[in-house]
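According to this note's numbering, the stretch in the sequence shown is residues 1 to 93, in order.
Glycine included, C-beta positions come from ideal geometry on N, C-alpha and C.
Just so you know, these numbers come straight off a predicted model, no measurement behind them.
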Amino acid sequence: MICKVTRIIDGDTFEVSPNWKFEGQTGNVVRPRGHDAPEWGQPGYQEAKDKLASLILGKEVELKNPIGLTYDRLLCDVYYNGKRLIKYFYTTG
């Protein structure tokens, strides 16, 4: 499913439009599978959020291979420009 990123919540969670559909549920909050960023109040939180925003805010991403819902967030593989989103974080240093 192709979606536009409309809001960055934190370094590993964002909102999309249109809403995703998974196992009879719909929503707009996504968490990329395999990506973990510092939580609010932890060192690196703002940097992780800013990096995610600079990369995908306002851009189209592809949601693939959904595996479940955690706290009403769709956990799935996220692709940007044909590359898994986590590759931008773990191969660029």
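Quick check: what's the CA-CA separation for residue i versus residue j?
i          : j          : result
residue 81 : residue 16 : 16 Å
residue 21 : residue 38 : 27 Å
residue 51 : residue 13 : 12 Å
residue 53 : residue 6  : 10 Å
residue 4  : residue 18 : 7 Å
residue 40 : residue 83 : 27 Å
Between the Cα of residue i and those of the options, spot the shortest distance and give me the residue it belongs to.
i          : options        : result
residue 69 : 18, 29, 12, 1  : 29
residue 65 : 83, 78, 58, 72 : 78
Looking at chain D, is there any beta carbon in it that lies within less than 8 Å of the beta carbon of residue i?
i          : result
residue 80 : In the structure shown, chain D cannot be found, because there is only a single protein chain.
Leaving out five residues on either side along the sequence, give the residues of the same chain with a beta carbon under 6 Å from the beta carbon of residue i.
i          : result
residue 10 : 49
Could you check if residue i is buried or exposed, using at least 16 other CB atoms within 10 Å of its CB as the buried criterion?
i          : result
residue 56 : buried
residue 90 : exposed
residue 8  : buried
Starting from the C-beta of residue i, find all residues in its chain whose C-beta is less than 8 Å away, skip the five residues before and the five after it, and write them out in chain order.
i          : result
residue 36 : 12
By Cβ distance below 7 Å, which residues in the same chain neighbour residue i in space, the five residues on each side in sequence not counted?
i          : result
residue 27 : 19, 20, 72, 74
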